[in-house]
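Mind the numbering: the sequence shown is residues 18 to 212 in my numbering, read in order.
Every residue, glycine too, gets a C-beta built ideally from N, C-alpha and C.
A quick write-up on the structure given underneath.
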Amino acid sequence: MTPERIEKLSRVLRKRQFDLTVVLENVFDPHNISAVMRTCDAVGIQEIHILNTRIPRHKKWGARSSSSAAKWLTVHQYEDLATCFERLRKQYDKILTTHLSGSAVSLYDLDLTGSVALVFGNEHSGVSEEIRKWGDGDFLIPQAGIIQSLNISVACAVTVYEAYRQKERAGHYDRSEGFNTAAEQVRSDWGLPAL
């Protein structure tokens, strides 16, 4: 690996946000998952969680939509809801689900600077009631149109870019690798020399 490549990957790793993640529940289309991966990489999210309780485990992603983002992310797949959410509870302070409930909070009223897992449901029925019971609250993306939903990859992009905006304003992208264990694992996975 060239010194320039090591420097580029090290610079990217310093900007990774180990306290923010995306969870996808039973998303059917691998191209939607790949588009989400590409967006996560763009805003510095390292880990994503894919829960498949009603569909088979995904074997591959849409290569064109991800632009090889999966290579740089830590992707966890689960077939068991409890295993997924027990892990999330250990790693993140809040679990927020996208859902048009009466108690849903606008995305723009959320504080996304803390440790948070953002859950997005599948293309047809959204986040399931079963998953919502594991969450700490619902949020929605304000819309002015007749159709009150967005494509999963678009909804995720809007949401994580709001998190990016808040975290950048709070200086989270300027700090060094503060999450040492996770960052060191990624450093090793990427083939970078240890610090």
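At a Cβ-Cβ threshold of 8 Å, Ala180 and Ile158 do not count as neighbours. Boundaries of the beta strand (DSSP E) around Asp155: 154-157. Cβ neighbours of Ser132 within its own chain (closer than 6 Å, five residues either side excluded): Asp36, Tyr109, Asp110. Annotated as proximal: Met54 and Leu90, with beta-carbon spacing under 8 Å. For Phe102, the uninterrupted alpha helix (DSSP H) run begins and ends at 98-108, by DSSP.
At the C-beta level, Tyr190 and Lys32 come within 8 Å of one another. For Gln63, the secondary structure class from DSSP, reduced to helix, strand or coil, is coil. Thr19 sits in coil when the DSSP states are folded into three classes, being neither helix nor strand.
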